Structure formats: C-alpha cells, structure tokens
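For the sequence shown, position 5 (counting from the first letter as 1) is numbered 856 according to this note's numbering, and the numbering increases by one without interruption. Heads up, the beta-carbon is just placed ideally off N, CA and C, and yes, glycines get one too. Given the structure is predicted, the values throughout are model-derived calculations rather than measurements. The structure appears right after this line, and notes come after that.
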Amino acid sequence: MGFTPHPTDAPTLYASGHPARGGNLGFIISRDGGRSWSKLADGVDGPVDFHQMDVSKADPSVIYGIFGNLQKSADGGRSWRRIGPAPEGIIALAASSKAPDRIYAATQRGLVLSTDGGRRWQPAHEARQAATMVHVTPDGTIYAFIAGTGLVRAEEPELDWTTLGDGFDDEFVLHVAVGGGRERPTLYAVAVNPKTRIQSLHVSRDGGQSWAPLTKDK
C-alpha cells in the first residue's frame, strides 16, 4: 500500500502494506533495489499498514507514515512515534525537500501543509476541492492534482502555483514521476477515470505543458 524510495541512496526502498497471507507487513526495507526485503519495525500499534508514507528529502533519516494517525521516525524507520491525527480524508502524503518538519497532504478537502512535523495543518492551495496526489522532487518542485483545477506546480517554499497543460479529460491524476532537467523535465502521470475506473499512463516532454497518452487499461 505504501512505497517510497530513499531520496539519495538509489538501491534503498521502503514499503508497507499487506502480505499475500494476510495481516500487515509493518515497515520494511530493501537495500538491493527490491530483490530482497526485511522488516525494520512494527511501528506504533503495529504491525502497521502505511497507506501513505514518504521520506524527507531534507533529512532522509526522517520518515512519515499514516496508520490511522500520523507517525514519524527520526532514525531511518527503526523506531516510530505517534504525532497526532492525520488530515481528514487524506489521499497522499509528500515530504518537503527544504525542511524535515515540512510535509504536504492531498486530501478530499484540498491540498494542505504542515510546517511543524504534522501537528498543525493549513491550506497549501486556494482551491478547496479534492487533491488526488502530491509529489515533491529533491530539488524542491512540488506537483499536485486538484479536481476542477488540474495538475499544478510550484517551487518550495513560496508555493506560487502554476496550472500545467491539461491532457487528462475527465481523469484524475494519481501519481507523477519526474525525470530530466529542471527547466523542461519529462513527466509521467498515472490517471484514472473515476466513472469507469480505467487507468492510463501519460507523458509530457515539455515540463507538463502538453501531454500524450502512453497506455490505457482495458
């Protein structure tokens, strides 16, 4: 359910969720690019099943996860403590590249931000409609998809938002991956039609100004 790579150590991956036999995995790690996995911790009241989790790009020893409440590890996932309630209706979580206590949450009521490690939250975008994803790059570019607005981009910490080109029709974006240079990055977006539940993969080679479909589920 939860998966995130280490921001500077490429072979290191983190995950959490459900094994095929049932139950919860806790917080697990792979140090060889996903070939093998081991458990680092159960988490608070675990084994946890983090549906949303992310590693701080500002301090990779800091990791956040949602298991009912917001939990935080300050030692690379070996120990965890409960911070407080997760934002209501949370869909996705992303840690900042500028400060380890700065985190974002995409929720059913919009995009929100915490600057104190998740204790208090405030709006990060003026739209109050559902935000279906949020992603922060290591260099401090933040992407989010907001229903009725589309895919938006800003630079941390100012958050002066720009709406990118819309090639998704009636779809909602669920995930974004970013590659290439900072000025004109290549973006990949996984989107879903909420009525048919058909998912599709889109690519933009001009930083999000125009999009083309790559694949679509049938």
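My output table needs one value for residue i: the three-state DSSP class, helix, strand or coil.
{"i": "M852", "result": "coil"}
{"i": "T958", "result": "strand"}
{"i": "F1019", "result": "coil"}
{"i": "V895", "result": "coil"}
{"i": "G874", "result": "coil"}
{"i": "G935", "result": "strand"}
{"i": "V963", "result": "strand"}
{"i": "P1064", "result": "strand"}
Given residue i, which residues of its chain have a CB within under 8 Å of its CB, disregarding the five upstream and five downstream residues?
{"i": "P911", "result": "H857, P858, T859, D860 and G927"}
{"i": "V1063", "result": "The sequence as given places Ala at residue 1063; Val does not occur at that position. Hits under 8 Å: G1018, H1053, V1054 and S1055."}
Since residue i is in the beta strand (DSSP E), which residue starts that stretch and which ends it?
{"i": "S881", "result": "F878 to S881"}
{"i": "K923", "result": "N920 to S924"}
{"i": "L944", "result": "I941 to A946"}
{"i": "F901", "result": "First-last for F901: undefined, no H or E at that position."}
{"i": "L1052", "result": "Q1050 to S1055"}
{"i": "A978", "result": "Taken as a continuous stretch (DSSP letters only), A978 belongs to no beta strand (DSSP E), as it is neither H nor E."}
{"i": "S887", "result": "Neither: S887 is in no beta strand (DSSP E) and is coded neither H nor E."}
{"i": "L1010", "result": "Where L1010 is concerned, there is no enclosing beta strand (DSSP E), given that its DSSP letter is neither H nor E."}
{"i": "T1047", "result": "Careful: T1047 lies outside any beta strand (DSSP E) and carries neither H nor E."}
{"i": "A995", "result": "T992 to I997"}
{"i": "S930", "result": "Run containing S930: none; DSSP gives neither H nor E here."}
{"i": "S867", "result": "L864 to S867"}
{"i": "T983", "result": "A982 to V987"}
Return the residue from the list the options that minimises the CA-CA distance to residue i.
{"i": "M984", "options": "R971, A956 and A975", "result": "A956"}
{"i": "G968", "options": "H986, Q922 and A982", "result": "Q922"}
{"i": "E1009", "options": "T958, R971 and T966", "result": "T966"}
{"i": "P938", "options": "R979, R960 and A909", "result": "R960"}
{"i": "G916", "options": "R1048, R1004 and D900", "result": "D900"}
{"i": "F854", "options": "G874, A871, G885 and R872", "result": "G885"}
{"i": "R1048", "options": "F1023, V1027 and Q1060", "result": "F1023"}
Apart from the five residues on each side of it in sequence, which residues of its chain come closer than 6 Å, Cβ to Cβ, to residue i?
{"i": "G897", "result": "G877"}
{"i": "Y994", "result": "H986, R1004 and V1027"}
Suppose the cutoff is 7 Å on Cβ atoms and the five residues either side in sequence are ignored; what does the same chain contact list for residue i look like?
{"i": "H902", "result": "M852, G853 and I917"}
{"i": "E1006", "result": "G991 and T992"}
Check whether the region 887-907 touches the region 929-940, counting contact only when three or more Cβ pairs, one atom from each stretch, lie closer than 8 Å.
-> yes
Is the region 999-1016 touching the region 1043-1059 in the sense that three or more CB pairs, one from each, lie closer than 8 Å?
-> yes
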